[in-house]
Amino acid sequence: MKSTAAPILEVQELSKFFGPGCPQCIEATGPEQGNNVCDTCSTVVACHGVSFQLYEGEVLGIVGESGSGKSSLLKCMHLDEVPTFGSMYHREVGMGRMDLFQCSDQQKRAIRNKLLGIVYQSPHLGLRMELSAGANVAEPLLLQSLRPRFSPIRARIVELFSQVELPVSRLDEPVRYFSGGMQQRVQIARALAPSPSLLLLDEPTSGLDVSVQASVLDLIKRIQWDTGLPIVVVSHDLAAVRLLSQRILVMRHGRVVESGLTDQVFADPHHPYTQQLVASALS
Amino acid sequence: MRAIANINSIKEGGLRRYLSDKNQIGYNFAYLNESIKREIRRKILKAIAIPGHQVPYSSPEIPIARGWGTGGLQVTLAIVGPQDVLKVIDQGCDDSVNAVNLRRFISMTTGCETTTHTREATLIQTRHRVPDTPLQEGQILVFQVPIPEPLREVEPKEELTCRMHAEGDYGLMWVKLYEEIVRWGRVTVGARYPVLVNGRYIMDPSPIPRWDVPKLNQSPALLLFGAGREKRIYAIPPHTEVDPLAFEDMPFCVENQAGKACRLCGSRESFLDEIPDEDAFASRWVCSDTDYCFERRSNSSAVRSPVLVKRKELCKPD
């Protein structure tokens with residue numbers, strides 16, 4: 014599968030700095046220095062030099078501790094943040110030769126609406142709590158055409174609700190009345206609504222209790238199985254990543270320290286940090 | 531063509547000081563000083579160049595309080611010339627206190643001719659109505675706008691609404707329509723119905739009734755909007771597409787006036803005001819546009835019998 018088709022998404026040498034930046038920033042930070050803040054100019058090097066490709070039907074896990082840069086990376090990938098360096102190509106944008114970071118804000122908005130779905134850790138980030146659950150799912154659908162039709166959109170929302178196992182009877186209730194697990198399902202339904210070509214999950218299960226975690230993971234797994242949708246999942250929860258992803262990147266202090274097939278990395282971690290991570294998770 | 535001539539006169543503007551015979555009261559022509567008028571004209575030109583886009587402007591002090599039609603008045607004062615024939619209406623009426631005072635003020639400081647006839651006017655300032663007499667090529671209609679931001683109801687932050695306009699991110703506006711249909715079975719917006727101008731910007735047409743919204747589409751007249759309190763000017767150039775936001779399978783509709791007619795002129799084609807008649811426990815309806823009504827009555831021997839509508843019938847939804 015990998016060798017023949019073009020990748021869905023290609024990220025090249027992505028870096029995100031918070032601060033003025035100086036020539037020493039890159040040497041002064043990283044896992045060897047045990048630091049992601051530049052001593053000279055106090056710039057935070059959130060992530061640096063991250064490159065990977067994502068193929069059809071693949072689930073990529075990004076793991077690392079808090080502050081390792083995984084969420085900054087995901088924000089850049091969702092075009093919420095502008096990276097300091099680097100480029101990203103999507104197969105369906107400009108014949109796969111157009112750098113998404115160079116697009117205008119209006120183009121970025123269209124790309125986000127049509128091609129990228131995202132699920133945040135906190136439903137407050139991804140949903141508008143004052144609106145009904147149905148309206149939250151409707152928003153990306155309403156943007157798909159200049160003159161949308163009401164009934165097909167309504168039907169699609171009902172279909173999505175049953176797909177994510179939410180009671181259709183609560184469609185028009187304000188989403189703030191929903192439980193955490195249900196809000197997360199509404200987020201997933203919203204992300205899936207415009208049939209995106211890529212799903213980004215930012216700690217999708219971290220705020221949930223264990224049994225709800227399991228059912229949400231189950232749901233994501235089933236959707237991936239049914240649709241073959243490529244997913245990038247960012248999490249500090251190794252068990253969740255191990256369950257979902259075929260390939261992982263391990264990040265520390267803004268750098269990718271190890272990458273490979275999930276089973277291989279877990280069975281035979283090479284980098285000392287990965288070893289520590291795997292050991293602490295499995296003990 | 532007159533509109534284009536007027537645009538040219540806006541461009542030429544300059545610091546020329548007009549003083550007609552009638553203007554002997556010691557103010558500069560059209561009250562505002564020339565540099566302010568130039569600034570407003572520049573903003574008007576920009577607004578015409580980007581249909582539906584809100585252009586910030588100075589909104590200078592004038593002798594009426596902001597929120598009482600200052601935006602419309604400033605736009606009118608900036609573009610009015612000595613050759614213009616002015617009409618001012620308030621909710622369709624030429625004789626309301628607001629309309630009379632604005633008309634007097636403008637004619638006093640410019641000496642320009644005034645009229646109540648829509649057909650004769652070259653420049654019409656209006657509050658919350660578009661005249662029912664069709665506008666013509668060369669006329670300019672200036673709206674007084676209380677809230678220029680159509681997205682304000684869904685997003686209170688100016689910074690975010692600016693961004694939403696820039697990115698064409700109108701999902702929330704559509705969500706509002708979606709929620710209305712889910713809750714009420716129809717879109718319940720009465721006045722201020724949001725429109726998409728030239729396929730790009732969502733615009734607030736000022737609180738005109740839905741009845742008037744279709745008149746904005748491909749209008750032969752130039753439509754200018756001034757919001758004095760919010761300091762915004764926007765415009766719809768002649769012959770521009772103006773499309774009320776609506777789902778394709780739930781089309782936009784104007785107020786339902788079935789079975790009602792003006793009790794004075796018998797018109798069923800104009801927007802009607804409800805006049806409650808407590809004694810008869812019924813409502814009478816009259817044209818909101820007084821000039822339209824007057825013209826119909828003077829031109830024809832139209833049916834003048836009062837039309838009574840029983841209250842019960844009014845309970846039907848639009």
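Note that the protein sequences, when read in sequence, are chains R and L.
Just so you know, we're using our numbering here: the first sequence kicks off at 14 and counts up by one.
Just so you know, we're using our numbering here: the second sequence kicks off at 531 and counts up by one.
Each residue gets a CB set at the ideal place from its N, CA and C atoms; glycine is no exception.
Nothing here was measured: the structure is a model prediction, and the numbers come from that model.
Enclosing beta strand (DSSP E) for residue i [first to last residue]
| i | result |
| --- | --- |
| Lys88 of chain R | Where Lys88 of chain R is concerned, there is no enclosing beta strand (DSSP E), although the alpha helix (DSSP H) it sits in stretches over 83 to 90. |
| Gly130 of chain R | 129 to 132 |
| His103 of chain R | 98 to 103 |
| Gln37 of chain R | First-last for Gln37 of chain R: undefined, no H or E at that position. |
| Arg762 of chain L | 762 to 766 |
| Asp215 of chain R | 211 to 215 |
| Ile580 of chain L | Unbroken run through Ile580 of chain L: none, as it is neither H nor E. |
| Pro889 of chain L | Given that chain L is displayed from residue 531 to residue 848, the structure contains no residue 889 of chain L and the question cannot be resolved. |
| Trp815 of chain L | 812 to 817 |
Test item: CB-CB of residue i and residue j under 7 Å
| i | j | result |
| --- | --- | --- |
| Thr646 of chain L | Asp819 of chain L | no |
| Leu257 of chain R | Val247 of chain R | no |
| Arg268 of chain R | Leu73 of chain R | no |
| Ser28 of chain R | Phe98 of chain R | yes |
| Val63 of chain R | Cys38 of chain R | no |
| Leu173 of chain R | Ala206 of chain R | yes |
| Ile75 of chain R | Pro243 of chain R | no |
| Thr504 of chain L | Ala560 of chain L | Lying outside 531 to 848, the shown extent of chain L, residue 504 of chain L is not represented and no answer is given. |
| Ala651 of chain L | Val615 of chain L | yes |
| Ile763 of chain L | Ile609 of chain L | no |
| Met703 of chain L | Ile738 of chain L | no |
Burial state of residue i (16 or more Cβ within 10 Å)
| i | result |
| --- | --- |
| His103 of chain R | buried |
| Arg826 of chain L | buried |
| Gln237 of chain R | buried |
| Gln655 of chain L | buried |
| Phe635 of chain L | buried |
| Arg699 of chain L | Sequence check: residue 699 of chain L is Asp here, not Arg. When all chains shown are included, Asp699 of chain L counts as buried. |
| Tyr708 of chain L | buried |
| His658 of chain L | buried |
| Asn553 of chain L | Because the pLDDT of Asn553 of chain L is 46, which lies under 50, any placement of that residue in the model is unreliable, and the number read from its coordinates should be weighed accordingly. Counting Cβ neighbours within 10 Å, Asn553 of chain L comes out buried, since at least 16 surround it. |
| Met101 of chain R | buried |
| Pro664 of chain L | exposed |
Nearest to residue i (by Cα), restricted to the options the options
| i | options | result |
| --- | --- | --- |
| Ala751 of chain L | L:Gly668, L:Arg826, L:Val727 | L:Gly668 |
| Glu143 of chain R | L:Arg649, L:Pro664, L:Lys706, L:Cys642 | L:Lys706 |
| Gly597 of chain L | L:Lys617, L:Thr639, L:Asn628 | L:Asn628 |
| Thr718 of chain L | L:Cys783, L:Arg633, L:Gln655, L:Val615 | L:Cys783 |
| Ser135 of chain R | R:Gln197, R:Leu128, R:Leu205 | R:Gln197 |
| Ala696 of chain L | L:Asp614, L:Ile580, L:Glu569 | L:Ile580 |
| Met694 of chain L | R:Gln119, R:Lys83, R:Gly194 | R:Gln119 |
| Leu607 of chain L | L:Ala812, L:Leu754, L:Leu775, L:Asp779 | L:Leu754 |
| Arg255 of chain R | R:Leu159, R:Ser208, R:Leu290, R:Ile166 | R:Leu290 |
| Glu799 of chain L | L:Glu808, L:Ile805, L:Gly789, L:Asp807 | L:Gly789 |
C-alpha distance - residue i paired with residue j, whole-angstrom precision
| i | j | result |
| --- | --- | --- |
| Arg713 of chain L | Pro767 of chain L | 36 Å |
| Lys15 of chain R | Tyr68 of chain R | In this prediction, Lys15 of chain R scores a pLDDT of 47, lower than 50, which makes its location untrustworthy; the coordinate-derived value is nonetheless stated afterwards. Taking the straight line joining both Cα atoms gives about 6 Å. |
| Ser55 of chain R | Glu71 of chain R | 37 Å |
| Pro735 of chain L | Val727 of chain L | 10 Å |
| Leu802 of chain L | Cys817 of chain L | 5 Å |
| Arg759 of chain L | Thr600 of chain L | 7 Å |
| Asp551 of chain L | Asn563 of chain L | Unreliable positioning characterises Asp551 of chain L in this predicted model, as indicated by a pLDDT of 45, which lies under 50. A coordinate reading is not provided. |
| Glu308 of chain R | Leu232 of chain R | Only positions 14 to 296 of chain R appear in this structure, which leaves residue 308 of chain R out of reach. |
| Pro676 of chain L | Ala757 of chain L | 6 Å |
| Glu23 of chain R | Lys88 of chain R | 15 Å |
| Ser228 of chain R | Arg141 of chain R | 23 Å |
| Asp308 of chain R | Pro44 of chain R | The structure shown does not extend to residue 308 of chain R, since chain R spans only 14 to 296, so no value can be given for it. |
| Pro724 of chain L | Gly194 of chain R | 36 Å |
| Phe65 of chain R | Lys83 of chain R | 13 Å |
beta-carbon residue i near the ligand MG non-hydrogen atom, thresh 6 Å
| i | result |
| --- | --- |
| Phe174 of chain R | Looking for the ligand MG in the displayed structure turns up nothing, as the structure carries no ligands at all. |
N-terminal and C-terminal residue of the alpha helix (DSSP H) that residue i is part of
| i | result |
| --- | --- |
| Glu71 of chain R | Note, Glu71 of chain R: premise wrong, no alpha helix (DSSP H); not H, not E. |
| Tyr731 of chain L | First-last for Tyr731 of chain L: 731 to 733, but that is the beta strand (DSSP E), not the alpha helix (DSSP H). |
| Met264 of chain R | Run containing Met264 of chain R: none in the alpha helix (DSSP H); it sits in the beta strand (DSSP E), 260 to 265. |
| Ile636 of chain L | 627 to 640 |
| Pro774 of chain L | Looking at the DSSP string, Pro774 of chain L is not in any alpha helix (DSSP H); the run it does join, the beta strand (DSSP E), is 772 to 774. |
| Ser588 of chain L | No alpha helix (DSSP H) contains Ser588 of chain L, which DSSP labels as neither H nor E. |
| Lys745 of chain L | 743 to 746 |
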